[in-house]
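Visitor: Just dropping this structure here.
There are 2 protein chains.
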Amino acid sequence: MAATLADVAARAGVSTATVSRVLNGNYPVSAVTRERVHRALGELDYVVNGPARALAAATTEVIGVIVNDVSDPFFSIQASGTQWEAASADLLAVICNTAGSPSDELKYISMLLRQRVRGVVLTGGSREEPEHLRAITKLIGQALSAGTKVVMCGRPAPPDVDVPCVAFDNEGGARALTRHVLTMGHKRIAYVAGPAGNSTTTARLAGHGKALEEGEVETSVVVHGDFSRASGFDAAMELADSGVTAIIAGNDLMALGVIAALRQRGIRVPQDISVAGFDDLPAAVDVVPALTTVRLPLDQGARRAGRIASGVEVVTGPTKLWMPAELMVRESVAPPRRQTQ
Amino acid sequence: MAATLADVAARAGVSTATVSRVLNGNYPVSAVTRERVHRALGELDYVVNGPARALAAATTEVIGVIVNDVSDPFFSIQASGTQWEAASADLLAVICNTAGSPSDELKYISMLLRQRVRGVVLTGGSREEPEHLRAITKLIGQALSAGTKVVMCGRPAPPDVDVPCVAFDNEGGARALTRHVLTMGHKRIAYVAGPAGNSTTTARLAGHGKALEEGEVETSVVVHGDFSRASGFDAAMELADSGVTAIIAGNDLMALGVIAALRQRGIRVPQDISVAGFDDLPAAVDVVPALTTVRLPLDQGARRAGRIASGVEVVTGPTKLWMPAELMVRESVAPPRRQTQ
DNA sequence: ACGCTGATAGTAAGCGCTTTCTACGACAGG
DNA sequence: CCTGTCGTAGAAAGCGCTTACTATCAGCGT
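So, in structure tokens, the structure goes:
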């Protein structure tokens, strides 16, 4: 149906090699010939056959991005940044939603490898069980030995795997945030963490823990959600009467849920209970009270990852690219009322 | 580097044809042979070469999705739905951000066509200028004649183009919303529309206009934003002192901006000015006051589009699939104060 | 004049897979 | 026993491109 190089060549009265050359501009072709080829190209509405080119040239113009869920702003911001960088390298980006499922993650990586993508960006990350880690390590090994770039974005590389790694300072951010809450005078604090085992959860929890150790704390409780708004809501319903004066959520989505739950219970934020989040999603400024949270340069990090996966930027060795976290002090955290003491 | 079919065949002591057959399971192979091939496959860590297969089979396992910006929830929700459906058809989804630029849109469609994707979902949509329309019509024609499915999602097909079209009832939703505002007693109303020329803007504006005609209105003013929060903010700054009692925004993002601006000006929502949005983004319930808006079944529509583009669902003729809008009455619209009369 | 060089263009050998067509036993029917 | 069938497997011809390698033809130095 579609015109092929041979059709164009015939029409222009040249060989396919010549057409290929004017298409790729990697070999001198005389001006008149080039002109003739261009005309034929236009007249036939020629469209390069990507798979054929990929087969012959042994390289594609595609990279892959693996996220938990593009409809979650945390990931969509990253996906967008990566896609953007891919586009400026003239590459397409295929985006895969794992919904946090390790098996889906493996399935998608295999599919991408099968497509011989130029590079893969792995974001998010699921429970890091040994078995999964082993499987993913093997896939990464295959990818690497096939020349496919692999970049971790916001998650650690599996042990003994040498891939560049865009690391957001979750621990530092969480520590600064909890320290801020402590500084405000809170002594009874609840932390609504993300799913256990998740590397992001772990890092944030660690930062939180360090800050707690450094401060004076009466009560500290940790419960686990799953990073969804609903899980934050549920957690807050439990926590509402526990006597804590501050609830720190593992991400903004859960913080939003926490605020909604507290409001529903008639508890004022921050007068009765302070709430903090993490990520600084766009919505953080629209909530009332505006959310005190931690900003991660997700877009920047993802772009960096995208540039590496696209081959625009070359890094060597087991490079860890640290992206700093920034505390965003707004209104949802205030000093506790001196209560019942 | 990577093992090929021939390597596997050699190792299993069979022909490549046989290996191909056990891989695809589309031809009888005896149990013992199959077993031997499977072993060889495993031992060599064989990974199918997608481009080669695509070339030989003249079909890929990929669809494309074109959006304005995946980091905008309006689009990320759609992208996610489409991707999900693609995945359940074992296809990958490449996602392209046009940032609303017609030329980028054309560029991406060409790139997708070059990749010989199975189908393309076009969402969003930019200014629909004749020239662009013509170009896009041509590309769609090429796609169609190459057997690539094309589906419009939330935007009209160009004139004389026969493609299935998932249509959200923007006009009906806008009409219901404005009617609701009028019912509450507002007579001086401002509408912050999306970018002029955009088909979604036009439809919503039309619905708004019809409702206005049906009601009693003293003042009505329309200004244009660009669907971004910032543009809503700016518009509201202008409108704050205009004496309107209600501001209807063309989407939730702008409504959020409007609310923020009004708050900054010390104007209470909804006591002083009511605000309404459109889309029912997740954040709509977290704002204070909760946003009265219109819900569009974006996810459902996008999934439908994804299924069509994947070839799972077959529609024939110039089918228009209407997706209903639903008015979400919350707290940001209230009766106007009887003022200064 | 003659071989050389440099600039262009053509030839053809793949890239790794799918698939049609053919080949080969084994087995049953006449 | 011969032939027609059925069930498997192999041979080989592409799919549409890229890219050595080769060929051609000016122009040039000697």
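Chains as they are written, first to last, in full-length UniProt numbering: chain A, 1 to 341; chain B, 1 to 341. The beta carbon of each residue, even a glycine, is placed where N, CA and C say it ideally should be.
#1: In terms of residues, what are the limits of the beta strand (DSSP E) holding Thr293 of chain B?
#2: According to DSSP, is Leu321 of chain B helix, strand or coil?
#3: Suppose the cutoff is 8 Å on Cβ atoms and the five residues either side in sequence are ignored; what does the same chain contact list for Gln115 of chain B look like?
#4: Would you mind working out which of B:Gly42, B:Gly232, B:Asp234, B:His180 sits nearest Glu214 of chain B, comparing C-alpha positions?
#5: Do we get a CB-CB distance below 8 Å when we pair Gly301 of chain B with the residues of chain A?
#6: Mark Val166 of chain A as exposed unless 16 or more other C-beta atoms lie within 10 angstroms of its C-beta, in which case mark it buried.
#7: Just verifying my parser: in three-state terms, what is the DSSP assignment at Lys107 of chain A?
#8: Can you pull out the residues from the segment 304-335 of chain B whose beta carbon lies closer than 8 Å to at least one beta carbon of chain A?
#9: Can you give me the start and stop residues for the beta strand (DSSP E) that Phe75 of chain B sits inside?
#10: When DSSP labels each residue in this structure, what does Val327 of chain B get in the three-state scheme?
#11: Shorter than 8 Å from the beta carbon of Asn49 of chain A to some beta carbon of chain B?
#12: Tell me, please, which residues DSSP counts as bridged to Arg204 of chain B.
#13: Any C-beta of chain A within less than 8 Å: which residues of the segment 109-129 of chain B qualify?
#14: Classify Met328 of chain B: buried if its beta carbon has 16 or more other beta carbons within 10 angstroms, exposed otherwise.
#15: Mind checking which residues open and close the beta strand (DSSP E) that includes Asn24 of chain B?
#16: Any idea what DSSP makes of Gln341 of chain B, helix, strand or coil?
#17: So Ser220 of chain B is in the beta strand (DSSP E); what residue range does that whole segment cover?
#18: Which chain B residues are close to Ser220 of chain A, counting only those with a beta carbon under 9 Å from its beta carbon?
#19: Name the chain A residues whose beta carbon is nearer than 8 Å to that of Pro73 of chain B?
#20: Suppose the cutoff is 6 Å on Cβ atoms and the five residues either side in sequence are ignored; what does the same chain contact list for Glu326 of chain A look like?
#21: Taking the continuous alpha helix (DSSP H) assigned at Ile140 of chain B, which residues delimit it?
#22: Would you mind giving the Cβ-Cβ distance between Ala305 of chain A and Val151 of chain A, rounded to the nearest angstrom? I have them listed as a contact below 8 Å.
#23: So, helix, strand or coil for Lys210 of chain A, using DSSP?
#24: When the distance is taken between beta carbons, is Thr201 of chain B closer than 8 Å to Gly250 of chain B?
#25: Quick one: which chain A residues come within Cβ less than 7 Å of Asp45 of chain B?
#26: Three or more C-beta pairs closer than 8 Å, one from the segment 245-265 of chain B and one from the segment 273-283 of chain B: is that the case here?
#27: Taking the C-alpha atoms as reference points, what is the distance between Ala157 of chain A and His132 of chain A?
#28: Here's a check: name, in chain order, each residue in its chain whose Cβ is nearer than 6 Å to the Cβ of Val22 of chain B, leaving out the five neighbours to either side.
#29: Counting only Cβ pairs nearer than 7 Å, list the residues of chain A close to Thr292 of chain B.
#30: Output needed in chain order: residues of the segment 77-88 of chain A with a Cβ under 9 Å from some Cβ in chain B.
#31: Specify the secondary structure class of Met152 of chain A as computed by DSSP and reduced to three states.
#32: Who are Phe168 of chain A's beta bridge partners in DSSP?
#33: Please check if any C-beta of chain B sits within less than 8 Å of the C-beta of Ile136 of chain A.
#34: Who are the near neighbours of Gly13 of chain B in its chain, counting only those whose CB is closer than 6 Å to its CB and skipping five residues on each side?
#35: May I have the straight-line CA-CA distance separating Leu253 of chain B from Ile189 of chain B, to the nearest angstrom?
#36: If contact means a Cβ-Cβ distance below 7 Å, which residues of the UniProt domain "HTH lacI-type" (3-57) of chain A contact chain B?
Guide: According to the structure data:
#1: Position 293 of the second sequence, counting from 1, holds the residue named residue 293 of chain B. Start and end: 293-295.
#2: Within the second sequence, residue 321 of chain B is the residue found at index 321, counting from 1. Note: Leu321 of chain B maps to strand in three-state DSSP.
#3: In the second sequence, counting from the first residue as 1, residue 115 of chain B sits at position 115. Cβ neighbours of Gln115 of chain B beyond the five flanking positions: Thr60, Val62, Gly64, Val94.
#4: Translated into the one-based positions of the second sequence, residue 214 of chain B becomes position 214. It is B:His180 whose Cα lies nearest to the Cα of Glu214 of chain B.
#5: Counting from one through the second sequence, the residue named residue 301 of chain B turns up at place 301. Not an interface residue.
#6: As a working mapping, residue 166 of chain A is identified with position 166 in the first sequence. Val166 of chain A comes out buried.
#7: If you number the first sequence from 1, residue 107 of chain A lands on position 107. Reduced to three states, the DSSP call for Lys107 of chain A is helix.
#8: none
#9: Residue 75 of chain B sits at position 75 when you count from the first residue of the second sequence. Per DSSP, Phe75 of chain B belongs to no beta strand (DSSP E); it is in the alpha helix (DSSP H), 73-88.
#10: On the second sequence, position 327 is the one that residue 327 of chain B refers to. First, the residue type needs correcting, since residue 327 of chain B is Leu and not Val in the sequence shown. Of the three classes helix, strand and coil, the one that applies to Leu327 of chain B here is strand, per DSSP.
#11: Along the first sequence, read from residue 1 onward, the residue named residue 49 of chain A stands at position 49. Cβ-Cβ to chain B under 8 Å: yes for Asn49 of chain A.
#12: By 1-based counting over the second sequence, the position of residue 204 of chain B is 204. Partner(s): none; Arg204 of chain B has no beta bridge.
#13: Ser110, Met111, Leu112, Leu113, Arg114, Gln115, Arg116
#14: Within the second sequence, residue 328 of chain B is the residue found at index 328, counting from 1. Answer is buried; the Cβ neighbour count reaches 16.
#15: Sequence index remark: in the second sequence, residue 24 of chain B carries index 24 (1-based). Segment 16-24 is the alpha helix (DSSP H) holding Asn24 of chain B; no beta strand (DSSP E) there.
#16: For this step, residue 341 of chain B is matched to residue 341 along the second sequence. Note that Gln341 of chain B scores 39 on pLDDT, short of 50, meaning its location in the model is unreliable; the coordinates nonetheless yield the value given after this. In this structure, Gln341 of chain B counts as coil in the three-state DSSP scheme.
#17: Taking the first residue of the second sequence as 1, we reach residue 220 of chain B at position 220. Residues 219-224.
#18: Within the first sequence, the letter at position 220 stands for residue 220 of chain A. Residues of chain B passing the Cβ test: none, with the nearest at roughly 27 Å.
#19: For the purposes of this step, residue 73 of chain B is taken as residue 73 along the second sequence, with counting starting at 1. At a C-beta separation below 8 Å, Pro73 of chain B has these neighbours in chain A: Ser71, Pro73, Ser76.
#20: Counting from one through the first sequence, the residue named residue 326 of chain A turns up at place 326. Taken in chain order, the residues that qualify are Arg295.
#21: As a first step, residue 140 of chain B is located in the second sequence; it is residue number 140 there, counting from the start. Its alpha helix (DSSP H) spans residues 130-145.
#22: Position 305 of the first sequence, counting from 1, holds the residue named residue 305 of chain A. Position 151 of the first sequence, counting from 1, holds the residue named residue 151 of chain A. Contact holds; Cβ gap of about 5 Å.
#23: The residue labelled residue 210 of chain A in the question sits at position 210 within the first sequence. Three-state DSSP puts Lys210 of chain A in a helix.
#24: Sequence index remark: in the second sequence, residue 250 of chain B carries index 250 (1-based). Sequence index remark: in the second sequence, residue 201 of chain B carries index 201 (1-based). In contact: Gly250 of chain B and Thr201 of chain B (Cβ atoms closer than 8 Å).
#25: Locating residue 45 of chain B in the second sequence gives position 45, counting from the first residue. Those are Gln142, listed as they occur along chain A.
#26: yes
#27: Locating residue 157 of chain A in the first sequence gives position 157, where the first residue counts as 1. Locating residue 132 of chain A in the first sequence gives position 132, where the first residue counts as 1. Roughly 13 Å between the two C-alpha positions.
#28: On the second sequence, residue 22 of chain B is found 22 positions in, with the first residue counted as 1. Counting only residues of its own chain and dropping the five nearest sequence neighbours on each side, Val22 of chain B has a CB closer than 6 Å to the CB of Val29, Arg34, Val37.
#29: On the second sequence, residue 292 of chain B is found 292 positions in, with the first residue counted as 1. Per Cβ cutoff of 7 Å: no residues; Thr292 of chain B is ~15 Å from chain A at best.
#30: Ile77, Gln78, Ala79, Ser80, Gly81, Gln83, Trp84, Ala87
#31: Counting from one through the first sequence, the residue named residue 152 of chain A turns up at place 152. Secondary structure at Met152 of chain A: strand, using DSSP grouped into helix, strand and coil.
#32: Here the question's residue 168 of chain A lines up with position 168 in the first sequence. Answer is A:Met323.
#33: Translated into the one-based positions of the first sequence, residue 136 of chain A becomes position 136. No, its Cβ sits nowhere closer than 8 Å to a Cβ of chain B.
#34: Taking the second sequence and counting its residues from 1, the one referred to as residue 13 of chain B is at position 13. Taken in chain order, the list of residues that qualify is empty.
#35: In the second sequence, counting from the first residue as 1, residue 253 of chain B sits at position 253. In the second sequence, counting from the first residue as 1, residue 189 of chain B sits at position 189. Looking at the two C-alpha atoms, the distance is approximately 19 Å.
#36: Asp45, Val47, Val48, Asn49, Gly50, Pro51, Ala52, Ala54, Leu55
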